[in-house]
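Undergrad: Pasting a structure below so you can have a look.
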Amino acid sequence: MAEFMNISDTVTDFARSLFDRVSAFEPAGQVKLCGTVSKISDNVARVINLPGRCYGELLRFSDTIWGIALDLEENGVGAVLLNPGDTVCVGDMVHATGHPVDTAVSDNVLGRILSPIGTAIDGKPFKPQRYAPIERPAPGLISRRPVDTPMDTGILAIDSMIPIGKGQRELIIGDRQTGKTTIAVDAILNQKGKNVICIYCAIGQKASTIAQIAQTFEKNGAMEYTTIIAATAADSPAMQYLAPYAACTIGEEFMKEGRDVLVVYDDLSKHAVAYRTMSLLLHRPPGREAYPGDVFYLHSRLLERSACMAHSEGGGSMTALPIIETTGGNISAYIPTNVISITDGQIYLESELFHSGVRPAINTGLSVSRVGRAAQYPAMRKVSGLLRIALAQYKEMAIFSRFGSDLDENTKRTLAKGEKLTAIFKQTKSRPYALSEEIVLLLANQSDIFDIIPSDRMQKAIPSLLEYCKTHIPGALKIIDTTGDMDQSVQTTLVSVMKEWAAEFAGNL
Ligand code: ATP
Ligand code: MG
52 MAEFMNISDT VTDFARSLFD RVSAFEPAGQ VKLCGTVSKI SDNVARVINL PGRCYGELLR
112 FSDTIWGIAL DLEENGVGAV LLNPGDTVCV GDMVHATGHP VDTAVSDNVL GRILSPIGTA
172 IDGKPFKPQR YAPIERPAPG LISRRPVDTP MDTGILAIDS MIPIGKGQRE LIIGDRQTGK
232 TTIAVDAILN QKGKNVICIY CAIGQKASTI AQIAQTFEKN GAMEYTTIIA ATAADSPAMQ
292 YLAPYAACTI GEEFMKEGRD VLVVYDDLSK HAVAYRTMSL LLHRPPGREA YPGDVFYLHS
352 RLLERSACMA HSEGGGSMTA LPIIETTGGN ISAYIPTNVI SITDGQIYLE SELFHSGVRP
412 AINTGLSVSR VGRAAQYPAM RKVSGLLRIA LAQYKEMAIF SRFGSDLDEN TKRTLAKGEK
472 LTAIFKQTKS RPYALSEEIV LLLANQSDIF DIIPSDRMQK AIPSLLEYCK THIPGALKII
532 DTTGDMDQSV QTTLVSVMKE WAAEFAGNL
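Numbering (my numbering), first residue to last: 52 to 560.
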């Protein structure tokens, strides 16, 4: 019996020591970071027993299927699949990668169309040199400097009345099909030869639209300094959610090197909708218009990363042109007001103007740049002072003049001048103006050069005047383009040449 007791004790001791060793067992490598799928529906998975999780962490469901952890709960993780597939089942193993989602950065992204996670989608081979996380804190106040350098868009109405500075965030807002994308694309085309890196981020658009935009860049030689980050309407909401952050990270890398960057987010309404879809599938409580409560933070943490860095930090800049689509011109809806309050101004496009042939269809009354004239060339400041008032007066008078035909001479003159000014601001797409061309047109308006030209001939007169100045005074135009300024002698030369042109053009009518 005593012997039996001894054996029993030995077994008990062995069992205890085995239990202790098993409990203290630390698995090595990947196995440690494994969890199990407990539920999967609508490309949203619940993963249990996943240790060491962090928000936004990249999870591997299989070699081809990846997800991001967006809900951290006591007993598990809510994850959204990046590339949906029916192959994920309950009980499948999930590997945590231990780091947040990152994207490809480095010089070889220029000229390419990439997905938000840094894979090429233009069919050409791509070897990323480096990766960087797509979410990062925005630069602090001390490392920034005030916005004071112009970022020319080449669009006369914007450069003269709503000037954008390097490092500014200017919202482009309007109903569908009002020319929002065209303004952003023209601004990118205008950066040719100006040492600015451009990033066009397409969110939730048709693949054919993105292909057309890429073609426009290619045709105008803009692709060599541009990267397109695309998450199309066919991609998962998670991919669309990641796209602008990936674009921002790529821009930031160039900004850190002291370069100037222009990023276009086309458009953030679709981004908000993708985020709402994900949040609802994750069973987060819906708020106003069913958007989750943190939808403001969604865009504020993105746009805050645009900055004009201090010289001690390299002096780079990242300008952002986010786009928002409105319905029925309602700029006071939830998402539009959010983004208006985050940005430093907005360019408001109107359907009515667009359909009446005023293109770009900018409503100058509702458009504003909060950086303003600090980011304007001295030459532009000299000729653009009273444009907004002149246009506002013209619009007011135009409404009243509809009621009666008996107008005094003064009113008639104001109406004619306003009509011509509106004609000057009309600009065809993919034809951004050089600074000197903008100055010529505004100086002509200021010096009443167009007074003898009938309003219906303005669309012919404008290219003719530009061509005339280019052939007769190339030197003066070059001075304006290189210095950004125009002294009295250059101005006098320009006006006298323009008068010659007006006499010649009017004589040929
Ligand atoms: P969506 O809401 O579909 O994104 P959008 O507001 O981005 O539309 P665009 O795609 O830029 O609008 O333009 C709509 C149409 O208007 C296009 O066919 C474009 O060619 C035309 N368009 C835009 N601006 C101009 C312009 N300045 N001159 C001539 N056509 C223009
Ligand atoms: Mg568009």
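Backbone N, C-alpha and C define an ideal beta-carbon position, used for all residues, glycine too.
#1: Kindly give me the distance between the Cβ atoms of L492 and S435, rounded to whole angstroms, as I take these residues to be in contact under 8 Å.
#2: Could you spell out the range, first to last residue, of the beta strand (DSSP E) harbouring L132?
#3: Could you give the distance in angstroms between the alpha-carbon of T543 and the alpha-carbon of E303?
#4: Quick check: does the Cβ of P295 come within less than 7 Å of any heavy atom belonging to the ligand ATP?
#5: Is Q397 near the ligand ATP, in the sense that its beta carbon is under 7 Å from a heavy atom of that ligand?
#6: List in chain order: all unbroken alpha helix (DSSP H) runs of 4+ residues lying wholly within the region 247–319.
#7: Quick one: using the 10 Å Cβ neighbour count with 16 as the cut-off for buried, is Q291 buried or exposed?
#8: Just to confirm before moving on: does the CB-CB distance between I116 and A130 stay below 8 Å?
#9: Taking C-beta to C-beta, are E186 and Y316 nearer than 8 Å?
#10: On the DSSP bridge list, what partners appear for P373?
#11: Using the C-alpha atoms, what's the distance from Y399 back to S487?
#12: Just tell me which of A361, G526 and S383 has its CA closest to the CA of T200.
#13: Identify every run of the alpha helix (DSSP H) within the region 336–389, keeping only runs that are complete inside it and at least 4 residues long; order them along the chain.
#14: Between D317 and the ligand MG, is there a pair consisting of the residue's CB and a ligand heavy atom that are separated by less than 7 Å?
#15: Given this structure, state the Cα-to-Cα distance separating Q81 from T233, to the nearest angstrom.
#16: Could you tell me whether the Cβ atoms of A426 and V247 are closer together than 8 Å?
#17: Could you say if the region 396–412 and the region 241–257 meet the contact criterion of at least three C-beta pairs nearer than 8 Å?
#18: Would you mind reading off the limits of the alpha helix (DSSP H) that contains Y445?
#19: Is T232 near the ligand MG, going by C-beta to nearest heavy atom under 7 Å?
#20: Please state if the CB of G127 and the CB of S581 are separated by a distance shorter than 8 Å.
#21: Throw me the rounded Cβ distance for the R572 and P373 pair, which I believe falls under 8 Å.
#22: Look up K245 in the DSSP assignment and say whether it is helix, strand or coil.
TA: Looking at the coordinates:
#1: For the purposes of this step, residue 492 is taken as the residue at position 441 of the sequence shown. For the purposes of this step, residue 435 is taken as the residue at position 384 of the sequence shown. Contact between L492 and S435 does not hold, since the beta-carbon distance rounds to 11 Å and is not under 8 Å.
#2: As a first step, residue 132 must be located in the sequence shown, where it is residue number 81. Annotation: the continuous beta strand (DSSP E) that includes L132 extends over G127 to L132.
#3: Your numbering for residue 543 matches position 492 in the sequence shown. Your numbering for residue 303 matches position 252 in the sequence shown. Each residue's CA atom was taken as its position, placing T543 and E303 some 44 Å apart.
#4: In the sequence shown, residue 295 corresponds to position 244, counting from 1. Incorrect: P295 has no Cβ contact closer than 7 Å to the ligand ATP.
#5: If you number the sequence shown from 1, residue 397 lands on position 346. No; taking the cut-off as 7 Å, the Cβ of Q397 has no heavy atom of the ligand ATP nearer than that.
#6: Runs of the alpha helix (DSSP H) lying entirely within the region 247–319 and spanning at least 4 residues, in chain order: 258–270 and 288–307.
#7: As a first step, residue 291 is located in the sequence shown; it is residue number 240 there, counting from the start. Q291 comes out buried.
#8: Stepping through the sequence shown from its first residue, residue 116 is reached at position 65. Stepping through the sequence shown from its first residue, residue 130 is reached at position 79. In this structure, A130 does not lie closer than 8 Å to I116 by Cβ.
#9: Within the sequence shown, numbered from 1, the residue matching residue 186 stands at position 135. Within the sequence shown, numbered from 1, the residue matching residue 316 stands at position 265. With respect to the 8 Å criterion, E186 and Y316 are not classified as neighbours on the basis of their beta carbons.
#10: Within the sequence shown, numbered from 1, the residue matching residue 373 stands at position 322. Paired residue(s): Y316.
#11: Reading the sequence shown from its first residue, position 436 is the one you call residue 487. Reading the sequence shown from its first residue, position 348 is the one you call residue 399. Taking the straight line from one Cα to the other gives about 26 Å.
#12: Position 149 of the sequence shown holds residue 200. Cα-wise, what sits closest to T200 is A361.
#13: 346–354, all fully within the region 336–389.
#14: What you label residue 317 is simply residue 266 of the sequence shown in a count that begins at 1. Checking the Cβ of D317 against the ligand MG gives yes.
#15: Translated into the one-based positions of the sequence shown, residue 81 becomes position 30. Translated into the one-based positions of the sequence shown, residue 233 becomes position 182. Here the model assigns Q81 a pLDDT of 47, short of 50, so the residue's position is not dependable and the matter cannot be decided.
#16: For this step, residue 426 is matched to residue 375 along the sequence shown. For this step, residue 247 is matched to residue 196 along the sequence shown. In this structure, V247 does not lie closer than 8 Å to A426 by Cβ.
#17: No, they do not touch.
#18: Here residue 445 corresponds to residue number 394 of the sequence shown, with the count starting at 1. Per DSSP, Y445 is one residue of the alpha helix (DSSP H) stretching across L438 to S452.
#19: By 1-based counting over the sequence shown, the position of residue 232 is 181. Taking non-hydrogen atoms of the ligand MG into account, the C-beta of T232 is found less than 7 Å away from one of them.
#20: Given that the chain is displayed from residue 52 to residue 560, the structure contains no residue 581 and the question cannot be resolved.
#21: Not covered by the structure: residue 572. The range shown for the chain is 52 to 560.
#22: Counted from its first residue, the sequence shown places residue 245 at position 194. K245 falls in the coil class under three-state DSSP.
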